[in-house]
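J.: Residue numbers (UniProt numbering), protein chains in the order written: chain A, 1 to 221; chain B, 1 to 221.
Before I ask anything, here is the structure I am working with.
There are 2 protein chains.
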Amino acid sequence: MSSMIENDAETPFGKVGDKLTLGVAARLSRYLQVLTQAKKMGKETISSQELSDYTHVNSTQIRRDLSGFGKFGKRGVGYNVDSLVSQIRKILRTSGQHNIALFGAGHLGRAIASSDIFADHGFRVVAIFDNDPSKVGETVGTHQVRQAHDLKSIVDEEDIVVAVLAVPTAAAQSLADDLVTAGVKIIFNYSEALLQVPPEVTVHTSSPAVDLLYALYFYLT
Amino acid sequence: MSSMIENDAETPFGKVGDKLTLGVAARLSRYLQVLTQAKKMGKETISSQELSDYTHVNSTQIRRDLSGFGKFGKRGVGYNVDSLVSQIRKILRTSGQHNIALFGAGHLGRAIASSDIFADHGFRVVAIFDNDPSKVGETVGTHQVRQAHDLKSIVDEEDIVVAVLAVPTAAAQSLADDLVTAGVKIIFNYSEALLQVPPEVTVHTSSPAVDLLYALYFYLT
DNA sequence: TAGATTGTTAATCGATTAACAATC
DNA sequence: TAGATTGTTAATCGATTAACAATC
């Protein structure tokens, strides 16, 4: 009945002790993205080759990554989309619900609030903030825009783990400071500020242009 | 005067023949992102350790990546931000201007059109399209929203390399088909569709939630 | 059965890192 | 000079891949 892998004296591939290596965790996340999309499109089964086409990860590596955690596939058939989604969620320990606070009720904030991208992966926007008095009180999605004061009590009450910053670059650092004080551990930064945070806080800065540069390089060569 | 690296019999690190390896190209792109932000903030010099703090890439590796192309740094001082930006752009062959067509004039499209994220890296939005008649003709940024017909002639005339899709998921695949026909080679997909394209076309699907899952894993463990 | 696709091995290749001399 | 930081080496470690038996 155990879906855990025994920890022998030898470390299994792709893992260091209990933790996944960076590479494996990143790839599993990508598989999850494609699987979630595939599920929405009604696909019931997917092969490692199809996953490879969408993720650009070699199909052997996909099978290898997955087989390290169990025999999830059926030879001659492929992987069941539904069950693979829940297996990977288990491995990544992200099966639960995670609460997000969204900062900034401009175009980007509204786009995020009305999108499924976070909801599909178990992230729920529980509060939207903006410091522009003309926006406070407006309804965005199912939330009313609030002013961002007394962050600490809101973060505690709503059990907020992640803050998404869709604010102007000039406002980002001071907001980040407040968030750190309030105890937020993961900041998802859509602004162009280089955020300074203590080591226990993770900042992920969105960078579509960087992704494009990368794609362009391989197009140009 | 040559800024090129000689191609000896032995392959230099991080390169396969003429081309960068995937890893090096990805990391150089990330350095560029941080450098561009640092430049905006008025920073003139940056050390490999600082770059490491912002990119989470080991500082030795950063020095190694860079030193493969020349001696860009100054011992005891660090790297000049401006000159490193132009060196990396040269290496990635993305010094020039690249034209983008943006599809979708909703919240996300407007957020993209009014942002500097693409402009800062030499990408210029040259046209915005939407099939909603009520949006056609509206002004977004400096452009008027157009209807997306006769794509081929627009792509040719405006020399469009990249299409950015900020359209509803249901509309994405048929638009992608039209773009492929029109000769677009890179599609940046913000929808949740799993796009099917021929092998010569690159699709990059934006996935903030996946990035979050990944960050969350390391927070939870 | 025949065809397809997984799970796994074994070999190779590239990434990563600590350490330190060079030098600004 | 003293302190800082680069450029580079050498060793290790993890990622990648082709190939194929197992089996659905």
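All residues carry an ideal CB built from backbone N, CA and C; glycine is no exception.
Keep in mind that this is a model prediction, so the values were computed, not measured.
Are the C-beta of V184 of chain B and some C-beta of chain A separated by less than 7 Å?
T.: Within the second sequence, numbered from 1, the residue matching residue 184 of chain B stands at position 184. It does not: the Cβ of V184 of chain B has no partner Cβ on chain A nearer than 7 Å.
J.: Anything in chain A within Cβ reach of K19 of chain B, meaning under 7 Å, just list it in chain order.
T.: By 1-based counting over the second sequence, the position of residue 19 of chain B is 19. By Cβ distance, chain A contributes T221.
J.: Hey, would you say P186 of chain A sits closer than 7 Å to T205 of chain A, going by beta carbons?
T.: Here the question's residue 186 of chain A lines up with position 186 in the first sequence. Here the question's residue 205 of chain A lines up with position 205 in the first sequence. As written in the sequence, residue 186 of chain A is Ile, which differs from the Pro given in the question. No, the Cβ-Cβ distance between I186 of chain A and T205 of chain A is not below 7 Å.
J.: Using a Cβ cut-off of 8 Å, pull out every chain A residue sitting near Q33 of chain B, in sequence order please.
T.: Walking along the second sequence from the start, residue 33 of chain B turns up at place 33. The contacting residues are T205, S207, A209, V210.
J.: Taking 7 Å as the limit between beta carbons, can you name the residues of its chain near E192 of chain B, skipping five residues before and five after?
T.: Against the second sequence, residue 192 of chain B aligns to sequence position 192. Hits under 7 Å: T169.
J.: By alpha-carbon positions, which one of A:R27, A:S48, A:A26, A:L32 ends up nearest to D120 of chain A?
T.: Reading the first sequence from its first residue, position 120 is the one you call residue 120 of chain A. Among A:R27, A:S48, A:A26, A:L32, the Cα nearest to that of D120 of chain A is on A:L32.
J.: Buried or exposed, going by whether 16 or more other CB atoms sit within 10 Å of the CB of I110 of chain A?
T.: Translated into the one-based positions of the first sequence, residue 110 of chain A becomes position 110. A quick correction: the sequence has Arg, not Ile, at residue 110 of chain A. Classification of R110 of chain A: buried, given that the 10 Å Cβ count is 16 or more.
J.: Against chain A, with Cβ distances strictly below 7 Å, would R93 of chain B count as a contact?
T.: Stepping through the second sequence from its first residue, residue 93 of chain B is reached at position 93. Chain A contact via Cβ: present.
J.: Going along chain B in order, which residues have a C-beta closer than 8 Å to the C-beta of residue 235 of chain A?
T.: Outside the shown range of chain A, which is 1 to 221, sits residue 235 of chain A, and nothing can be said about it.
J.: Label N58 of chain A either buried or exposed according to how many other C-beta atoms from any shown protein chain fall within 10 Å of its C-beta, with 16 as the threshold for buried.
T.: Taking the first residue of the first sequence as 1, we reach residue 58 of chain A at position 58. Exposed: under 16 other Cβ atoms inside 10 Å.
J.: What residues of chain A sit near I117 of chain B, judged by a beta carbon separation below 7 Å?
T.: Along the second sequence, one-based indexing puts residue 117 of chain B at 117. Near I117 of chain B (Cβ distances below 7 Å), the residues of chain A are E192, P208, A209.
J.: State the Cα-Cα distance for the pair I100 of chain B and Q49 of chain A, rounded to the nearest angstrom.
T.: What you label residue 100 of chain B is simply residue 100 of the second sequence in a count that begins at 1. What you label residue 49 of chain A is simply residue 49 of the first sequence in a count that begins at 1. In a straight line, the C-alpha of I100 of chain B is about 31 Å away from that of Q49 of chain A.
J.: Considering only C-alpha positions, which residue in the set B:L165, B:V155, B:D53, B:D130 is nearest to V146 of chain B?
T.: Numbered from its first residue, the second sequence carries residue 146 of chain B at position 146. Looking at the sequence shown, residue 146 of chain B is not Val but Arg. Taking only the C-alpha atoms, the option nearest R146 of chain B is B:D130.
J.: Alpha carbon to alpha carbon, how far is G73 of chain A from K40 of chain A? Give it in angstroms, no decimals.
T.: In the first sequence, counting from the first residue as 1, residue 40 of chain A sits at position 40. In the first sequence, counting from the first residue as 1, residue 73 of chain A sits at position 73. Roughly 20 Å between the two C-alpha positions.
J.: Answer yes or no: do Y214 of chain A and A26 of chain B have a C-beta to C-beta separation smaller than 7 Å?
T.: Along the first sequence, one-based indexing puts residue 214 of chain A at 214. Along the second sequence, one-based indexing puts residue 26 of chain B at 26. Cβ atoms of Y214 of chain A and A26 of chain B: closer than 7 Å.
J.: In chain B, which residues lie less than 8 Å from S47 of chain A when you measure between Cβ atoms?
T.: Counting from 1 along the first sequence, the entry for residue 47 of chain A is found at position 47. The premise fails here: S47 of chain A is roughly 14 Å from chain B at the closest Cβ pair, so nothing lies under 8 Å.
J.: From this set, A:T221, A:D82, A:I91, A:T55, which residue's C-alpha is nearest S67 of chain A's C-alpha?
T.: The residue labelled residue 67 of chain A in the question sits at position 67 within the first sequence. Residue A:I91 is the option with its Cα nearest to S67 of chain A.
J.: In the DSSP assignment, find the unbroken beta strand (DSSP E) run with Y79 of chain A in it and report its ends.
T.: Numbered from its first residue, the first sequence carries residue 79 of chain A at position 79. Run containing Y79 of chain A: 78 to 80, per the beta strand (DSSP E) assignment.
J.: Taking Cβ positions, are S114 of chain A and G141 of chain A nearer each other than 7 Å?
T.: Taking the first sequence and counting its residues from 1, one reaches residue 114 of chain A at position 114. Taking the first sequence and counting its residues from 1, one reaches residue 141 of chain A at position 141. A contact, by the Cβ cut-off of 7 Å.
J.: Excluding five sequence neighbours on each side, which residues of the same chain lie with their C-beta closer than 6 Å to the C-beta of F123 of chain B?
T.: Position 123 of the second sequence, counted from the first residue, corresponds to residue 123 of chain B. Once the five neighbours on either side are set aside, the close Cβ partners of F123 of chain B are H98, I100.
J.: Straight-line CA distance for E6 of chain B to A148 of chain B?
T.: Here residue 6 of chain B refers to the residue found at position 6 of the second sequence. Here residue 148 of chain B refers to the residue found at position 148 of the second sequence. Model confidence at E6 of chain B stands at a pLDDT of 31, short of 50, so the residue's coordinates are unreliable; what they give is reported in the following sentence. Between E6 of chain B and A148 of chain B, the C-alpha separation is close to 46 Å.
J.: For R124 of chain B, which residues in chain A fall below 9 Å Cβ to Cβ?
T.: Locating residue 124 of chain B in the second sequence gives position 124, counting from the first residue. Result: empty, since nearest Cβ-Cβ is about 12 Å, beyond 9 Å.
J.: Near D8 of chain B, what residues of its chain come up, given a Cβ to Cβ distance below 8 Å and the 5 sequence neighbours on each side ignored?
T.: Taking the second sequence and counting its residues from 1, the one referred to as residue 8 of chain B is at position 8. Only weak support is given to the placement of D8 of chain B: the predicted model assigns it a pLDDT of 34, under 50, and the question is left unresolved by the model.
J.: With a threshold of 16 other CB atoms inside 10 Å of the CB of Q196 of chain A, please say whether the residue is buried or exposed.
T.: Taking the first sequence and counting its residues from 1, one reaches residue 196 of chain A at position 196. When all chains shown are included, Q196 of chain A counts as exposed.
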